[in-house]
Amino acid sequence: MSSKKAMRQAQKQAYARHRSNITKSRFELKKKFLTKKNEEKKIKTNFVD
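Dropping the structure here:
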């Protein structure tokens, strides 16, 4: 494989890794936020009882 081709492939892989990291972190952030909201709802409903 020529060095140009190898560099292009490496850049593509790095960009794909970068995009998947963004997606994963966004999902984890959403998950944390949702679990926090659910816990708050549980606490509020316990006070009503």
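Quick note, this note's numbering runs 39 ahead of the 1-based positions in the sequence shown.
Just so it is clear, CB atoms sit at the ideal spot from N, CA and C, and this is done for glycine as well.
Rounded C-alpha distance that separates residue i from residue j
i: SER41; j: ALA53; result: 18 Å
i: ALA49; j: SER64; result: 22 Å
i: LYS69; j: ALA55; result: 21 Å
i: THR62; j: LEU73; result: 17 Å
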